[in-house]
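Notes follow once the structure below has been shown.
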Amino acid sequence: MLHERRASAHAPASEYAAGGTLAGSGAAMPLGPRETTSTGFLPSWVPTDALPPALMPHVEACRALAARYHRDGADVRPWLAQTFAAWDPRGIEDLAQASDIARDGAMSAVSMLAHAFRWGAMPAGDDARALTALDLPLGLAAPLRWLAQRLGVPACGNLYHMVIANWRLPGFTPGTAYSPATLRAEIERTTTMHSWLQGPMDGHLAATLRCLLLTEVAGAEMLPAVMRLGDAALRRDAKETVALLHTLRAGIAEVSGVLGRYMRPQRIAPEAFLSVIQPHFGWGLQQDGLRLDGASGAQTATIQLLDAAFGVRRESAVGAMAMQARAYLPAAQRALLELVDRRAPSVRAFVVEVVGPEATALWNDCLASLHQWRRAHQKRGAMYLRTENASYHSVSGIVAKQDSRSRAAAFERAMEEHVQETIDARLR
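Counting from 1 along the sequence shown, just add 8 to a position and that's the residue number in this note's numbering.
Structure below.
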């Protein structure tokens, strides 16, 4: 069994879900205009660590974290327990009055420290891996609970706040606008805002950050095409449908290329990823009867978008994990993905029944590129898991604690089912 009972996403209404005819809905009403941010699933502004006064001690602790957390014999729990033993309830007023970007910055800092307290050190010890529950210091627990409730995510770290909204770029002022194209052009200068590693391992963490950011850059560029594809199907516009599928084919090829460039031992060493990068993202603790996973690659919103747009089934163990991972995405992103899910059958039917062979070929080309990405992820992930000296297992249960060959084989088998689901989405 992969998962115990988990938190589920209850996405509130958002600007993405307004109006329209969806697959399975009643009256045929055209979708109205919909605002989609130009940064897609990336933050709308350059992330910031200029937080309300009550949260500045958390920022200072993040700045000191790597030197205390990533070293032999480390245990940051006594330090964090003392530093955050108390919490002034007036700090909630600061958070309530803060801007959206400041609240995201607060979640990045607080969840980073909460995960450090959960693990104690990187690499983590066997005692930390064996934990099933843990009481955080009040100065971490209280803001984490409030922020999670306000942001509509589980009360632990997630990929968005620990990675996608946790970067800085020299020369770009935090809190200001930027474009995904600029982020792509400057990606090798992008670093983590809050790092938990030092020395060469921090370089491997930065490469992991860049890989995930570039994936979401490609997603930001594809998102308008995905949304317009649904509109084109409603309008029965065959010409635009073909043009949009061309755009998506190029975008998915870019996503596949990003994985190929970064998921290599020279850029992200298997030992670094399995011992001190991926473990820090995990949570794996019980809260209110739920087991929370923490951050994971399954929360990559661009991959979620592509599976939704092309109607890829998510009934396998890995597919189901991806659907459960949506609970950790920001609420507006969840609402958007649910909208794409609902519209996908209508788009597929329009391509098959009306547009003709060119669109069918393009649709299948898009899925071939997504299949290529998924196959590369499967094979490279298995290669990483064959690393002999990394005692790694995932809190989700996909990778159990076992010898390197067995865990690699188990990962490949689990991924194969979702690879097949991708192939099955092709048009005949």
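Backbone N, C-alpha and C define an ideal beta-carbon position, used for all residues, glycine too.
Roughly how far, in whole angstroms, is the beta-carbon of A215 from the beta-carbon of I276, given that I think they are within contact range, below 8 Å? Rounded to the nearest angstrom, the Cβ distance from A215 to I276 is 5 Å, consistent with a contact under 8 Å.
Our contact map puts V84 next to A129 with C-beta atoms below 8 Å; I'd like the distance itself, whole angstroms only. Contact flag correct, Cβ pair sits at about 7 Å.
Under DSSP, the alpha helix (DSSP H) around W291 begins and ends at which residues? Taken as a continuous stretch (DSSP letters only), W291 belongs to no alpha helix (DSSP H), being part of the beta strand (DSSP E) at G290 to Q295.
Using alpha carbons as the reference points, say which of E420, S354, T91 and E323 lies closest to R394. Considering only E420, S354, T91 and E323, the residue with the shortest C-alpha distance to R394 is E420.
Take V362 and list the residues in its own chain whose beta-carbon comes closer than 7 Å to its own, dropping the five residues that flank it on each side. Once the five neighbours on either side are set aside, the close Cβ partners of V362 are R244 and A246.
Considering only residues of the same chain and omitting the five flanking positions on each side of M271, which have a CB-CB separation below 6 Å? Its chain contains R388 as the residues whose beta carbon lies nearer than 6 Å to that of M271, once the 5 sequence neighbours on both sides are disregarded; these appear in chain order.
Closest by CA to A141, which one among A343, Q294, L298 and R321? Looking at the Cα atoms, Q294 is the closest of the given residues.
Please confirm if the stretch 67 to 87 is in contact with the stretch 116 to 133, defined as three or more CB-CB distances below 8 Å between the two stretches. The stretch 67 to 87 makes contact with the stretch 116 to 133; the number of CB pairs closer than 8 Å reaches 3 or more.
Roughly how many angstroms lie between the CA atoms of P188 and Q90, to the nearest whole one? Roughly 40 Å between the two C-alpha positions.
How many angstroms separate the CA atom of H254 from the CA atom of A369? Spanning the two alpha carbons is a distance of roughly 10 Å.
Return the CA-CA distance between T198 and A251, expressed in angstroms with no decimal places. Annotation: T198 to A251 spans about 33 Å, alpha carbon to alpha carbon.
Take R218 as the anchor and find which of R176, C164, L256 and A185 has the nearest alpha-carbon. Ranking the options by Cα distance to R218, first place goes to R176.
Pick from L205, T308, L300 and R321 that is closest to A280, judged by C-alpha positions: Minimum Cα distance to A280 is reached at L205.
Cβ distance (whole Å) where A122 is taken to contact G165 below 8 Å: With 8 Å as the limit, A122 and G165 qualify as a contact, their Cβ atoms being about 7 Å apart.
Determine the direct distance from the alpha carbon of E248 to that of P287, and round the result to whole angstroms. Those two C-alpha atoms are separated by around 44 Å.
Would you report the Cα separation of P178 and C70, rounded to the nearest angstrom? Answer to the nearest angstrom: the Cα atoms are 19 Å apart.
What residue does the beta strand (DSSP E) around D349 start on, and which one ends it? Not the beta strand (DSSP E): D349 falls in the alpha helix (DSSP H), residues A339 to F358.
Excluding the 5 residues flanking Q380 on each side, which residues of the same chain have their C-beta closer than 7 Å to its C-beta? These residues qualify, in order along the chain: S264.
Go ahead and label E229 buried or exposed: buried means 16 or more other beta carbons lie within 10 angstroms of its beta carbon, across all protein chains shown. Buried is the call here.
Can you look up R434 in the DSSP assignment and give me helix, strand or coil? It is coil, neither helix nor strand.
Where does R382 land, buried or exposed, given buried means 16+ other C-beta within 10 angstroms? With 16 or more other Cβ atoms within 10 Å, it is buried.
Who pairs with W175 in a beta bridge, going by DSSP? Looking at the DSSP assignment, W175 forms a beta bridge with T200.
DSSP on G128, reduced to helix/strand/coil? DSSP places G128 in coil when its eight states are reduced to three.
Roughly how many angstroms lie between the CA atoms of L73 and A124, to the nearest whole one? The straight-line gap from Cα to Cα measures roughly 8 Å.
Name the DSSP beta bridge partners of R299, please? In the DSSP output, where bridge partners are listed per residue, R299 has Q294.
CB contact flag (A193, V355, <8 Å): Contact flag unset, no.
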